[in-house]
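Report on the structure given below.
In the working numbering, the protein residues as written are 1 to 66.
This is the structure we're talking about:
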């Protein structure tokens with residue numbers, strides 16, 4: 001993306017965020033590891049796979065600041 005277009009995207013993103021149209025929620029994000037970008041739910045092709053599920057616990061050193 002060229003620099004002017006990139007600046008325009010950032011400006012619009014900040015404007016939408018300040019108007020409350022963009023917010024941080026608690027939900028899964030579909031991530032494309034090759035494109036290194038988030039995907040919309042409609043872009044995801046689901047495929048059932050038999051696999052293992054692991055739970056990992058991390059020790060929190062400091063409380064989360066909100």
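Note that CB positions come from ideal geometry on N, CA and C, so glycine has one too.
Tell me whether the beta-carbon of residue i lies closer than 8 Å to the beta-carbon of residue j.
i: residue 30; j: residue 41; result: yes
i: residue 50; j: residue 39; result: no
Under the three-state reduction of DSSP, which class applies to residue i: helix, strand or coil?
i: residue 15; result: helix
i: residue 61; result: coil
To the nearest angstrom, report how far apart residue i and residue j are at their CA atoms.
i: residue 21; j: residue 11; result: 14 Å
i: residue 37; j: residue 9; result: 15 Å
i: residue 64; j: residue 48; result: 35 Å
i: residue 28; j: residue 4; result: 31 Å
i: residue 23; j: residue 52; result: 32 Å
i: residue 19; j: residue 2; result: 26 Å
i: residue 60; j: residue 43; result: 34 Å
i: residue 34; j: residue 45; result: 15 Å
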